[in-house]
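Going by our numbering, 431 is the number at position 6 of the sequence shown; the sequence numbering is gapless. C-beta atoms are modelled at their ideal positions from N, C-alpha and C, and glycine is treated no differently.
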Amino acid sequence: MNTPGRRHGKINTVTESQNDVVATADLADEIGPEIRSCDTQFIQFGGRAAFSGRISTIRCFQDNLLVKQTLGEPGHGKVLVVDGDASVHTALVGDIIAGRGVDNGWAGVIINGAVRDSAILRTLDIGIKALGTNPRKSTQTGSGDRDVPVEFGGVTFVPGDMLYSDHDGVVVRAED
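In structure tokens form, the structure reads like this:
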């Protein structure tokens, strides 16, 4: 799956699924103490372990309609960051919703909450990180907010900023 990193100047990249992703450890070394590194210890569920892209956000609680709608739109290589208030009572993403993300060109999904259909998620060419699993589906009323700053793990995720994710963690930085 992963091939050894290749040197590109000072930053090491990981090649995964034909996508070069900057290694988070190298970003941390380059940026230093001001690094925006998420403290949340996520579990990797998607078939793509290393991914990066501009951030789009959703804030919701046990309701995944906004997630479903967003991943049904063209992603253009973005990463959807979902703040589910750390609830693992219901799953916010399963195989069908994640498949929509693959079909629409999303690079990944970071979920401060739970997923389901985890065995199938591992086969999909999309990065997916979450706190855990729960087979219980969420409601779909559409409550929540989209493309607003969300905060968890000591990091504020701002729409339009860049997110980098690999086996070592999640790093965010503002880029033009």
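Taking a C-beta distance under 8 Å as the contact criterion, LYS503 and GLY478 qualify as a contact pair. With contacts defined by Cβ atoms closer than 8 Å, ALA453 and GLY552 do not form a contacting pair. Contact fails between the region 563 to 574 and the region 540 to 555, because fewer than three Cβ pairs, one in each stretch, are under 8 Å apart.
Put simply, of ASP591, MET587, THR558 the residue whose alpha carbon is nearest the alpha carbon of ASN537 is THR558. When DSSP reads this structure, ASP591 sits in a beta bridge with GLY594. ILE456 is classed as exposed because its beta carbon has fewer than 16 other beta carbons within 10 Å across all chains shown. In this structure, DSSP gives GLU498 a state outside helix and strand, which the three-state scheme calls coil. Taking a 10 Å sphere around the C-beta of GLN487, we find 16 or more other C-beta atoms and assign the residue as buried. For VAL580, the secondary structure class from DSSP, reduced to helix, strand or coil, is strand. By a beta-carbon distance limit of 8 Å, GLY578 contacts ASP464. Their separation comes to about 4 Å.
The beta carbons of ALA539 and LEU517 sit closer together than 8 Å.
Take ILE522, set aside five residues on each side of it, and the residues of its chain with a beta-carbon closer than 8 Å to its own are ASN489, VAL492, LYS493, LEU496, in chain order. Spatial neighbours of ARG525 in its own chain (CB-CB distance under 6 Å, excluding positions within 5 residues in sequence) are listed in chain order as LEU496, GLY497. The secondary-structure analysis by DSSP pairs LYS554 across a beta bridge with GLN469, ILE535. A buried status is given to ASP451, since no fewer than 16 other beta-carbon atoms sit within 10 Å of its beta-carbon. LYS562 and GLY519 have their C-alpha atoms spaced approximately 8 Å apart. Rounded to whole angstroms, the gap between the alpha carbons of ARG598 and ILE460 is 8 Å. Of the candidates ILE535, GLY594, LEU505, ILE535 places its Cα closest to the Cα of ALA511.
Under the three-state reduction of DSSP output, VAL573 falls in the coil class, being neither helix nor strand.
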